[in-house]
Structures are given as C-alpha cells and as structure tokens.
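So the number in the working numbering is just where the residue sits in the sequence shown, counting from 1, plus 1. Note that beta-carbon positions come from the ideal geometry of N, C-alpha and C, so glycine has one too. Treat the numbers as computed from the prediction; the structure is a model and nothing was measured.
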Amino acid sequence: SAKQLCFAWGPAEVLVCETLFGRRGGSPSRARAGRAGRALTRCVAGTGEGEPSSSRLFVVRKDQDIYIQTLRKLFNESHGIFIGLQRSEEELAGKSRKAQLVQVSKNYRSVIRACMEDMHQAAISTRDPALHSQYSTQVSILSAMELIWNLCEILFVEAAAAGPLLLRLLDWVRLHVCDVDNMVREVLSSENPSKHELFWNVVDVFVLQGRMDEARHLLSKEASANPASVNMYKILDDLMKKMPVPSLGNTQTLTEMELKWQHWHEECQRYLQDGTFASNSHMESICKILLGDEDAILDKKELMTTWYHFLVTRLLYSHPTVKPMELRFYAQACMDLFLGGESSPEPLDTILMAAFEFEMHQVIKECSIALSNWWFVAHLTDLLDHCKLLQSHNLYFGSNMREFLLLEYASGLFSHHSLWQLGVDYFDHCPEYGRVYLELHIERIPLNTEQKALKVLRICEQRQMHEQVRSICKIMAMKALRNNRLGSALSWSIRAKDAAFATLISDRFLKDYCERGCFSDLDLIDNLGPSMLLSDRLTFLGKYREFHRLYGEKRFSEAAKLLLMLMTAHIAPCSFWMTLLTDALPLLEQKEVIFSAEQTYELMRCLEDLTAGKSDKQKFQDDDVETMKVEMLRLALARNLARVIVKEGTLEGS
Numbered sequence: 002s003a004k005q006l007c008f009a010w011g012p013a014e015v016l017v018c019e020t021l022f023g024r025r026g027g028s029p030s031r032a033r034a035g036r037a038g039r040a041l042t043r044c045v046a047g048t049g050e051g052e053p054s055s056s057r058l059f060v061v062r063k064d065q066d067i068y069i070q071t072l073r074k075l076f077n078e079s080h081g082i083f084i085g086l087q088r089s090e091e092e093l094a095g096k097s098r099k100a101q102l103v104q105v106s107k108n109y110r111s112v113i114r115a116c117m118e119d120m121h122q123a124a125i126s127t128r129d130p131a132l133h134s135q136y137s138t139q140v141s142i143l144s145a146m147e148l149i150w151n152l153c154e155i156l157f158v159e160a161a162a163a164g165p166l167l168l169r170l171l172d173w174v175r176l177h178v179c180d181v182d183n184m185v186r187e188v189l190s191s192e193n194p195s196k197h198e199l200f201w202n203v204v205d206v207f208v209l210q211g212r213m214d215e216a217r218h219l220l221s222k223e224a225s226a227n228p229a230s231v232n233m234y235k236i237l238d239d240l241m242k243k244m245p246v247p248s249l250g251n252t253q254t255l256t257e258m259e260l261k262w263q264h265w266h267e268e269c270q271r272y273l274q275d276g277t278f279a280s281n282s283h284m285e286s287i288c289k290i291l292l293g294d295e296d297a298i299l300d301k302k303e304l305m306t307t308w309y310h311f312l313v314t315r316l317l318y319s320h321p322t323v324k325p326m327e328l329r330f331y332a333q334a335c336m337d338l339f340l341g342g343e344s345s346p347e348p349l350d351t352i353l354m355a356a357f358e359f360e361m362h363q364v365i366k367e368c369s370i371a372l373s374n375w376w377f378v379a380h381l382t383d384l385l386d387h388c389k390l391l392q393s394h395n396l397y398f399g400s401n402m403r404e405f406l407l408l409e410y411a412s413g414l415f416s417h418h419s420l421w422q423l424g425v426d427y428f429d430h431c432p433e434y435g436r437v438y439l440e441l442h443i444e445r446i447p448l449n450t451e452q453k454a455l456k457v458l459r460i461c462e463q464r465q466m467h468e469q470v471r472s473i474c475k476i477m478a479m480k481a482l483r484n485n486r487l488g489s490a491l492s493w494s495i496r497a498k499d500a501a502f503a504t505l506i507s508d509r510f511l512k513d514y515c516e517r518g519c520f521s522d523l524d525l526i527d528n529l530g531p532s533m534l535l536s537d538r539l540t541f542l543g544k545y546r547e548f549h550r551l552y553g554e555k556r557f558s559e560a561a562k563l564l565l566m567l568m569t570a571h572i573a574p575c576s577f578w579m580t581l582l583t584d585a586l587p588l589l590e591q592k593e594v595i596f597s598a599e600q601t602y603e604l605m606r607c608l609e610d611l612t613a614g615k616s617d618k619q620k621f622q623d624d625d626v627e628t629m630k631v632e633m634l635r636l637a638l639a640r641n642l643a644r645v646i647v648k649e650g651t652l653e654g655s
C-alpha cells in the first residue's frame, strides 16, 4: 500500500504524520517538513505492518537546541549580555566604545566556553551512550562557535591592525588548537623529558605556535643531557631569543619591525647555509621553520592539525606585519596547500575563510546553514550591527539582517515553556517588526496556571497591548467559569472590561444566591467599587449585596430605600423582582414602621406590575409556593400601609 504524508503547522513546530493511504502530496510535504527544522524527534504512534491504522508521527521542531537542558545557561546568561549591550552608552566614541564592544564580545565567548565545559563534564559523567554522543556533539559545536566568534572578534570587532593582528591570531590558535596539550603534559611529566619519544614533537609544537620561551626551556634540557649539542643549542637559543615580534603598544613602527625582522631572518639564513645545524636534523628543521620554509612547516602538518594553524605559523615566520586585507590571499593559499586536494573544505573551513575574506554577510549566512540554532547568528549579528558594520545591508522584504535573525531566535524561544520570557526582551529590541511578532506569539502561550497568566498579562499591560490583555482575561474568565470558580471568573471579566461576560457571571452569582440563599466570594463583591458600573447586572449584584450588608447591620431604613430603588430605577432584572419583594417581607414585619406610605404604594405597584405581566397560562403553571408568596406580600403591604396611615395620622394630630 502507498504512503501519504499529512502535516499541521504549529507556532514553532510541524506535526508530520505518515499514513498508509495514497501517495498524493507526500514528497512536497516531506520537503516542507525538512525545511521547517533541522532536528527531528521521532515518536512511533503505531506498530503493525500492513495495517491501515499503522502510522508514524514526527515532530519537526524549528529550534531543537532550545529543549536541551544543558544549553539553558547559554540562553539565560547571554540574554543579560544582550540587554546590557542594547542599553549601553552609544555616545562613547573611538577607543572607549571599541573597548566596550570588545568586552561584550569576550563576555559572550566566556558564556560559550562555560557552557562547553559543563557539557564536557556531562559527557564524562553520563553512562548512557546516546547521551554521551549527544553531549560530545554539542561540545564540538560549541567549540566551533567559540572559534568562529573569536576570529570575528579579532577581525571585525577589535579590527586589529597590522602587527597586533598577528599576536591576536597567535592567541587564537593557542586557545583553540589544543589537541597537542595532552602530548605536552605527557612529555613534561616524564622523568627525563629530553629522552621522551615525543620530546621533539613538543618542541616543534611550541615553535609552530610561537611559544618561544617554552621551546627554549625544553631545548635547555636537551643541551644539559647532550653536551655535544651545546654549541648548536646556544646558537638556536640565541636566534629564538632575538626573534622580533610585533608589539601591542605603539613602541615601534611597522617599518622598524620589518627592518629588525629582515636582519634576524638573514642571520637565520646564514647559519642554515653554513651548515651549523647539519648534524642535528631536529634543530635544522626548527631553523627552517624560523625561516618560514613552506615545506618544513608542512612537514609538521600532523602537529598543526588544521589549515588555519598552518596559516598563522606561516604568517609568523614569513609575513609578521601582515595587513588585515591581505589575509584573504594567504588564507586561501594555506588552505589549498594544507588540504592538498585530498579533502574538500568542511562547513567550518568555509566560514573561517569567509571571515578571513572579510565577508561578514557570508559568515552569517554560512553559520545559519551549518549551526543547529539561531543563537549564534542572532547575537553575533547584533554585536556587528552595534559596531556599525552591517548598516548598509537591508533584506529585500523590509527588515534588516539583525532584526530578521533576532526575530527568528526569539520565535524559537517562545516555543519553550519557560524561555519565552527571554524572547519578550528580544522582540522589544526589534523596532520594525518586534511588536507585531510579540503580539502574535504571546497569544499562543498556553495559560496553564493563573500565575503564568498574570505574568503574561503584566508583560502585555507594560507594553499597552490592550487587545492581548482583553484576550487573556477572557480566556482565563472562561476557564474559571468552566471550573465553577465564579469569583475568579468575575475578576478576570472585570479586568478584561467585558460587559457581556460580566453580566453572564453576575447572573450566575444571582442564580446561586437564589438556590443557596447566600453569596460566595463576598470579599470580591463587597469591594467592586467603580468596577460595578461595567454592566447593569454587575451594578445590581453589587447594590443587592450592599442591601444585604445594610440589613445585616440593622440599618433597616437605608436597606429599604436601596431595595426600592433597585426596582423603581429598573436596575434589577424583572426576573429577580419576586426575590426582592420577598426580601422586603422581614422589613414590612418589623415592629417599627420602615416603609413610608409612598414607598409602600411603590412596592404595591411593583407587585401588581409583576403579576399583571404574566399570562393566565403562566399564572396557572405557577406553583402554590409562588401564589402563597404573592398573597403574603399583599397582606404584609396592606398591614404596613394601615400602620403607616395610623402612624402618620397620629403624628399630624399631635
């Protein structure tokens, strides 16, 4: 039987269902699902081969990394750095502003590194092979992210000039090419390092990374153990000691540096041609590296491990005053030489090459394709935008690149049950479309608890998102009503300023009162204040409760006036008049006369209006209790009228 793919879009994920009916439309669906996200979580919904009910369900998430618990530190801590950058003083100019931006970049890198170390520890401690594999993959991804970010920091944010540029690139290689660290530790911890089989490999690594002091220290051990090589060692040590290196300060000009380097280079050349190191191939090889001999450096390919290590080593010994814009030529040549046609460039190679070519937009594009989440490109692009490096690049559909990537990242955060709160701040700092995106996403947040609803509501109220405030309040009011929590439902409907819903809930309160003879949620009803004016029925509910309070406090005269007003001003619904008239009975039966003659006539008129409004059929259907109530009311009203007339006549006579 043929298969069909059905799918449904969600705010941040796609549900894809594979069924055993017809093949129509399968391929495009699969393609769309593939584009929707890189991470696929598979869940088998049914088993059994050949059964029509057999199907497989896929959840294709837009940003799977959001759900990895160990990456929470990355998202949470970088959020604080991002907000700090948006609020930073842009008035700072020149060096102070650049120093500020470089520090922000370093802060981002420290978060990546801390997260990478946590992930590494998690990989070591877990016994689950699948988890170990997942953590190890994440360590590799985070390592690549820091490598790329660090290079972008040197080239774009700090914009290191010729001279200091090489020193920064050396630090970059030393920090990130650490495959040899274990070998170094093994040699240095041995009893006799100079006799260790990897001794010369370690010396070579130090030389290749420009770590001259460490290389000289190791060579001194070789000289002590091998007196025959003392003379050669002294000459090589002197050459390494005298090697000119660019300075970070302005202590020397590039011309001075180049002149010193040229003299030193000629000296190295002279010793090599004289055959000073001919009797020791290791020292001769080191001298060739100092001279920038391409073949000698490439012989150490396995120690360098990467083409960009080869690039920095070659620049150190051949072009120490390389200018930023010259990097592209050396980088391409070094990559071609190092890979030698044996393997094609990996995505990481392509990204680093784009950086060396100063193609910032290409770096961002390639990272968007290669990396498994939007975190990296969103934050890097924002930083570069603050460096005023992306100002000219607008996307064809209106928003600039910075905003587009921040919107994508924040949208992914909104699919998470708690990280959505971070997404709010990212939307706030997208001036063009951020508000629209926030309005759309905030409506989709599941309001599982009142606490969460209040949190979402506060966010909306702070941003004057009135439509969303009303929507949230209505949703919560409906939930409360379904659970028969009338007080909460009324509170939410008042907050939503929804008159119709407030009327509906007020009716429910009144119905409950009629059935049970008492009000629930008295605190809320007693403290309605001006909110009771939202709807007539709510006003009646509030005033009717006030009548009961006055009666309870034995303020009978005030209670009587309020009761009459509720009917004569038509605030009370007609269906509730009988209840109000019944409430008047105890007041009519008081020893002291409460209702005046005029008030008694008004009550009589209300009773007659109520009974006259009913058809004969309705009267016939009314039960005996209702008929008895009417008769009792007529009797009580007649008696009260008689008492009032006597009382008022007595007062007039006196």
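Burial state of asparagine 193, where buried means 16 or more other Cβ atoms lie within 10 Å: By one-based count along the sequence shown, residue 193 stands at place 192. The residue in question, asparagine 193, is exposed, as its Cβ has fewer than 16 Cβ neighbours within 10 Å.
Does the stretch 322 to 342 come close enough to the stretch 224 to 232 that 3 or more CB-CB pairs lie under 8 Å? In this structure the stretch 224 to 232 does not lie against the stretch 322 to 342, because fewer than three pairs of beta carbons, one per stretch, are closer than 8 Å.
Any idea which residues DSSP pairs cysteine 7 with across the strands? The count along the sequence shown starts at 1 and reaches residue 7 at position 6. For cysteine 7, the beta-bridge partners assigned by DSSP are Cys18.
Is the stretch 379 to 387 in contact with the stretch 350 to 370, if contact means three or more CB pairs nearer than 8 Å? Here the stretch 379 to 387 makes contact with the stretch 350 to 370; the two share three or more CB pairs at distances below 8 Å.
In whole angstroms, give me the CA-to-CA distance for isoleucine 82 and leucine 511. For this step, residue 82 is matched to residue 81 along the sequence shown. For this step, residue 511 is matched to residue 510 along the sequence shown. In a straight line, the C-alpha of isoleucine 82 is about 54 Å away from that of leucine 511.
Looking only at its chain, what residues have a beta carbon closer than 6 Å to the beta carbon of phenylalanine 22, apart from the 5 residues adjacent to it on each side? The sequence position of residue 22 within the sequence shown is 21, counting from 1. In this predicted model, phenylalanine 22 has a pLDDT of only 45, less than 50, meaning its place in the structure is not dependable enough to derive any value.
Serine 28: buried (16+ other C-beta within 10 angstroms of its C-beta) or exposed? Within the sequence shown, the letter at position 27 stands for residue 28. Any reading at serine 28 is ruled out, since the residue's pLDDT is 35, under 50, leaving its predicted position unreliable.
So does the stretch 411 to 424 actually touch the stretch 166 to 184, counting three or more Cβ pairs closer than 8 Å? At 8 Å Cβ cutoff, the stretches do not touch.
Does the stretch 258 to 275 touch the stretch 284 to 297, meaning 3 or more C-beta pairs lie closer than 8 Å? Yes: the two stretches touch, three or more of their Cβ pairs being nearer than 8 Å.
Could you tell me the boundaries of the alpha helix (DSSP H) in which histidine 430 lies? If you number the sequence shown from 1, residue 430 lands on position 429. Going by DSSP, histidine 430 is part of no alpha helix (DSSP H) at all; its letter is neither H nor E.
Nearest-angstrom Cα distance between threonine 351 and lysine 456? Translated into the one-based positions of the sequence shown, residue 351 becomes position 350. Translated into the one-based positions of the sequence shown, residue 456 becomes position 455. CA-CA distance, threonine 351 to lysine 456, rounds to 44 Å.
What is the rounded straight-line gap between the Cα of glycine 413 and the Cα of tryptophan 376? For this step, residue 413 is matched to residue 412 along the sequence shown. For this step, residue 376 is matched to residue 375 along the sequence shown. Distance from the CA of glycine 413 to the CA of tryptophan 376, rounded to the nearest whole angstrom, comes to 10 Å.
For leucine 156 versus histidine 177, is the C-beta spacing smaller than 7 Å? Position 155 of the sequence shown, counted from the first residue, corresponds to residue 156. Position 176 of the sequence shown, counted from the first residue, corresponds to residue 177. A distance of 7 Å or more separates the beta carbons of leucine 156 and histidine 177.
Enclosing alpha helix (DSSP H) for alanine 481 [first to last residue]: The residue given as residue 481 occupies position 480 in the sequence shown. Its alpha helix (DSSP H) spans residues 467 to 483.
Need the endpoints of the alpha helix (DSSP H) that threonine 569 sits in, please. Indexing the sequence shown from 1 puts residue 569 at position 568. For threonine 569, the enclosing alpha helix (DSSP H) stretches over residues 557 to 569.
Tell me whether the stretch 333 to 340 and the stretch 307 to 322 touch, counting them as touching only if at least three CB pairs, one residue from each stretch, are closer than 8 Å. By the Cβ rule, the stretch 333 to 340 counts as touching the stretch 307 to 322, because three or more pairs are nearer than 8 Å.
As a quick exercise: from Met533, Tyr234 and Arg635, pick the residue whose alpha carbon is nearest that of alanine 279. Sequence index remark: in the sequence shown, residue 279 carries index 278 (1-based). Nearest Cα to alanine 279 within the set Met533, Tyr234 and Arg635: Tyr234.
For leucine 638, which of helix, strand or coil comes out of DSSP? The residue labelled residue 638 in the question sits at position 637 within the sequence shown. Three-state DSSP puts leucine 638 in a helix.
Does the Cβ of cysteine 575 have 16 or more other Cβ atoms within 10 Å, making it buried, or fewer, making it exposed? As a position in the sequence shown, residue 575 is number 574, starting the count at 1. Exposed, since its Cβ has fewer than 16 Cβ neighbours within 10 Å.
Is asparagine 232 helix, strand or coil when you go by DSSP? As a first step, residue 232 must be located in the sequence shown, where it is residue number 231. If DSSP states are grouped into helix, strand and coil, asparagine 232 belongs with the helices.
Please state whether DSSP places arginine 77 in a helix, a strand or coil. The residue labelled residue 77 in the question sits at position 76 within the sequence shown. As written in the sequence, residue 77 is asparagine, which differs from the arginine given in the question. Reduced to three states, the DSSP call for asparagine 77 is helix.
I need the DSSP call for asparagine 108, collapsed to helix, strand or coil. On the sequence shown, residue 108 is found 107 positions in, with the first residue counted as 1. Residue state, collapsed to three classes: helix.
Roughly how many whole angstroms lie between the Cα atoms of alanine 100 and leucine 143? Stepping through the sequence shown from its first residue, residue 100 is reached at position 99. Stepping through the sequence shown from its first residue, residue 143 is reached at position 142. Rounded to whole angstroms, the gap between the alpha carbons of alanine 100 and leucine 143 is 25 Å.
Suppose contacts are defined by Cβ-Cβ distances below 7 Å. Is valine 112 in contact with leucine 86 by that definition? Numbered from 1 along the sequence shown, position 111 holds the residue referred to as residue 112. Numbered from 1 along the sequence shown, position 85 holds the residue referred to as residue 86. Contact check for valine 112 against leucine 86 fails: the beta carbons are separated by 7 Å or more.
What does the alpha-carbon distance come out to for the pair serine 79 and alanine 497? Translated into positions along the sequence shown, residue 79 becomes position 78. Translated into positions along the sequence shown, residue 497 becomes position 496. Rounded to the nearest whole angstrom, the CA to CA distance from serine 79 to alanine 497 is 36 Å.
Using 8 Å for Cβ pairs, my map puts leucine 220 next to aspartate 238. What's the rounded Cβ distance? As a position in the sequence shown, residue 220 is number 219, starting the count at 1. As a position in the sequence shown, residue 238 is number 237, starting the count at 1. The pair is a contact, with the Cβ atoms about 6 Å apart (cut-off 8 Å).
Enclosing alpha helix (DSSP H) for isoleucine 365 [first to last residue]: The residue given as residue 365 occupies position 364 in the sequence shown. If you look at isoleucine 365, you'll find it in the alpha helix (DSSP H) that goes 361 to 371.
Closest to glutamine 463 by CA distance: which of Arg509, Asp429, Leu317 and Glu559 is it? Translated into positions along the sequence shown, residue 463 becomes position 462. Nearest to glutamine 463 by C-alpha distance, out of Arg509, Asp429, Leu317 and Glu559, is Asp429.
Valine 647 to leucine 634 span [Cα, whole Å]: Taking the sequence shown and counting its residues from 1, the one referred to as residue 647 is at position 646. Taking the sequence shown and counting its residues from 1, the one referred to as residue 634 is at position 633. Our two residues, valine 647 and leucine 634, have alpha carbons roughly 20 Å apart in a direct line.
Proximity to tryptophan 201 [Cα-Cα], best of Lys242, Arg110, Leu567 and His283: The residue given as residue 201 occupies position 200 in the sequence shown. Ranked by how close their Cα comes to the Cα of tryptophan 201, the residues Lys242, Arg110, Leu567 and His283 have His283 in first place.
What's the gap between the Cα of serine 319 and the Cα of histidine 266? Taking the first residue of the sequence shown as position 1, residue 319 is located at position 318. Taking the first residue of the sequence shown as position 1, residue 266 is located at position 265. Rounded to the nearest angstrom, the two C-alpha atoms are 9 Å apart.
DSSP three-state call for leucine 312: helix, strand or coil? In the sequence shown, residue 312 corresponds to position 311, counting from 1. Assigned with DSSP and collapsed to three states, leucine 312 falls in helix.
What does the Cβ neighbour count give for threonine 601, buried or exposed, with the cut at 16 atoms within 10 Å? Along the sequence shown, one-based indexing puts residue 601 at 600. Classification for threonine 601: buried.
May I ask you to report which of helix, strand or coil DSSP gives leucine 219? Residue 219 sits at position 218 when you count from the first residue of the sequence shown. Leucine 219 sits in a helix when the DSSP states are folded into three classes.
If distances are taken between C-alpha atoms only, which option among Thr504, Val174 and Ala573 comes closest to leucine 304? Here residue 304 corresponds to residue number 303 of the sequence shown, with the count starting at 1. Out of Thr504, Val174 and Ala573, Val174 has the C-alpha closest to the C-alpha of leucine 304.
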